[in-house]
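For reference, the structure is listed below as structure tokens.
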Ligand code: ADP
């Protein structure tokens, strides 16, 4: 299908409307022109008739006056001299120019143009003059040029009767100028050519160029047409050659005619003027309409196109929003699209919710299944767990009972200690199970107060040190930092840290180590328990807080119930804190707990002399950002060997920057490849923050290519060290940098 734009169709619409209107107006104009022409023709004929009547009236009026003169007794009695005098006197009043009396022989008997008595000519009688003598009726002569008077003239001839016979013809001569005056008096339009013709078709008077054409014949075609009918209209060329519309009238009494020629250019000029005006208006209208059609089409186009993107967006789950449109139909479509989008969105949301719900159900089911399986395993092993300390208690108690007083003192003490340790273990198992039971029924009892972090850490360390020693694990606590007070439940916090610490010892490797430390972050204090154990496989990490889930260690000799971390998380959450961990197989794990700092007022109120508070820590702080635990441990060993330094570590860019902002270390050493970014990100992050922008940064990289080292120095690292680490190089750089700091 041949497709066209809206603009094209609108332009067609405009042309379709304007063009017929234009053709119609041209048609009407032509008809009106025809009508006007007919009216003009009619009016011109009427004018010609009126003009003819006026001339007739003039001539016949004069003829009557001449007839009165002809009835003079003097003439009839032959007193020609007396008549000569009387006629000469009367002539000016009558409007004639001269009087001539002729007898039937053609002999002029008197002529007022000459003195009476002068010899006068005898001329042959003209046809018209003979008619006067023959019929006794007056005639009007045709135009003639009288050579003796040097003027063109016409004469009105009337008979003079004596005894019933025509004895003379009395003629009054009128110069044709007088006819010209009659024409001029009519005030016709100046371009109309008007002429008076005698009965021979000779021009007796003319409005245009009379000196050239008066006395000559009218145009042949005009004379032919005007000879056929007494009045009418014809299209001819004037004597000057101008095409004219000529109206004429012929007097039946005198045989004379009037012709009025209207130049055709004058007639058509109006037509063309109107036509031109019409065409200009039409073109202007057409241009205006096309312009308006263009503006409207652009608006319609824009409106229609505005639906394109929302219509395409219908395929996506996004909610389509279409602003109000000025075109009702487009607006309706927009509303329909919005409704459709809403329906689609609702169904997508519904589907997503269904999917989510299904997923949640599946997940919950999996967890429930795992929990139930773990619970069954737990119950199965619980008897064993309970039986182990119980049998120890019962065994040692029996030994004590049976031996009576004979038992050596040391043995008694050892047996008693064994009984106490087993009952403590039993008590802990029972406490955990009770805690779990109370959490499951929705009760978490915490009693928060403002606490001294170091005091809590010292308390925890005492217990952990003992268990670590028993297992040959090196336990260290870093209680040297200046830490703000926190708000937490002391007993519960100790319970959580003991759980994390005992896990770190339990799941460690032979001769491994555990570090307990704490750092202030923004508005929290983070307690960290780091171990060098086996680590937790990534695929099982999400199960770690599930109750009764021991991630497979139930198959080993390690005692446990699989609910310690579940309880810890519930307790930390109840204290408005957070718990988390990072762990790498073969490297070890880091569990952390964040608890809110006490605000100033609460801290002041609770401030009491602390046995554990240390003097202000003036040591140089070195932050090492590295994700490989063995590397961290090596660096820790090196730095802790230096006097007056404190070692802090972070495993990610984010954690490193966070610690740097809150602790403001004197030096930062960073690995280049970190789990969430590069050493360059550490450098950029430190430089972009006013608090850390001046801290010197050392890069430690395994990539020892010279170009790479050069790039790092260019990037702004103070020094670039390569792995494996050359300790003397590092020491030298540390000494130089820290001295400068
Ligand atoms: P359990 O009584 O088994 O220690 P927990 O809830 O404390 O129960 O811990 C759940 C499981 O998480 C443990 O059984 C162990 O598999 C794993 N786990 C906890 N801490 C560590 C750690 N520091 N290193 C390795 N594995 C750990």
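Residue numbers (our numbering): 40 to 780. All C-beta atoms, glycine included, are put in the ideal place defined by N, C-alpha and C.
Could you tell me which uninterrupted beta strand (DSSP E) segments, each at least 3 residues in length, are contained entirely in the stretch 681-721, listed from first to last along the chain? 684-689, 706-710
Measuring CB atoms only, is the stretch 79-87 touching the stretch 299-307, in the sense that at least three cross pairs come out at less than 8 Å? yes
N- and C-terminal bounds of the beta strand (DSSP E) containing residue 276: 270-276
Between the CA atoms of residue 56 and residue 90 - distance to the nearest angstrom: 50 Å
Look at the alpha carbon of residue 411 and the alpha carbon of residue 352, and state the distance between them as a whole number of angstroms. 47 Å
Within this structure, are the beta carbons of residue 126 and residue 108 separated by less than 8 Å? yes
Any chance the stretch 556-563 sits against the stretch 573-584, with 3 or more Cβ pairs inside 8 Å? no
Quick one: what's residue 468 bridged to in DSSP? According to DSSP, residue 468 bridges with nothing at all.
Rounded separation between residue 385 and residue 342 - CA only: 27 Å
Please say whether residue 528 and residue 492 have beta carbons closer to each other than 8 Å? no
CB of residue 671 to nearest heavy atom of ligand 1: below 7 Å? no
As assigned by DSSP and simplified to three states, the class of residue 485: coil
Which listed residue (598, 96, 440) has its alpha carbon closest to that of residue 428: 598
Residue 777 versus residue 606 - alpha carbon distance: 44 Å
From residue 594 to residue 730, what does the alpha carbon distance come to, in whole angstroms? 50 Å
What do you reckon, is the C-beta of residue 454 under 7 Å from a heavy atom of ligand 1? no
Along the chain, which unbroken stretches of the alpha helix (DSSP H) at least 4 residues long are found entirely within the stretch 362-426? none
Pick helix, strand or coil for residue 749, following the three-state DSSP scheme. helix
Simplified DSSP state of residue 238, which is helix, strand or coil: coil
Can the beta-carbon of residue 724 be found less than 8 Å from the beta-carbon of residue 759? no
Suppose contacts are defined by Cβ-Cβ distances below 8 Å. Is residue 709 in contact with residue 772 by that definition? no
Starting from the Cα of residue 603, find the closest Cα among 769, 170, 469, 728 and give me that residue. 469
Can you give me the Cβ contacts of residue 197 inside the same chain, cut-off strictly under 6 Å, excluding the 5 residues immediately before and after it? 105, 106, 109, 177, 209
Residue 336 and residue 45 - do their beta-carbons sit closer together than 8 Å? yes
Neighbour-count burial assignment, residue 331, 16 or more Cβ in a 10 Å radius: exposed
Counting beta carbon pairs with one atom in the stretch 496-503 and one in the stretch 533-543, are three or more of them shorter than 8 Å? yes
In the DSSP assignment, what are the bridge partners of residue 621? 629
Could you compute how far the alpha carbon of residue 781 sits from the alpha carbon of residue 359? Beyond the ends of the chain as shown, which are 40 and 780, falls residue 781; an answer cannot be given.
At a cut-off of 7 Å, would you count residue 552 as near ligand 1, judging by its Cβ distance to the nearest heavy atom? no
Identity of the residue in 743, 279, 294 nearest residue 270 by Cα: 294
Starting from residue 141, follow the beta strand (DSSP E) in both directions and report where the run begins and ends. 137-141
Thinking C-beta only, is residue 686 closer than 8 Å to residue 694? no
Ignore the nearest five residues each way along the sequence and tell me which others in residue 756's own chain have a CB closer than 7 Å to its CB. 722, 736, 737, 738
At what residues does the beta strand (DSSP E) containing residue 204 begin and finish? 204-214
Under the rule that 16 or more other beta-carbon atoms within 10 Å means buried, what is residue 765, buried or exposed? exposed
Going by the CB atoms, is the gap between residue 617 and residue 611 shorter than 8 Å? yes
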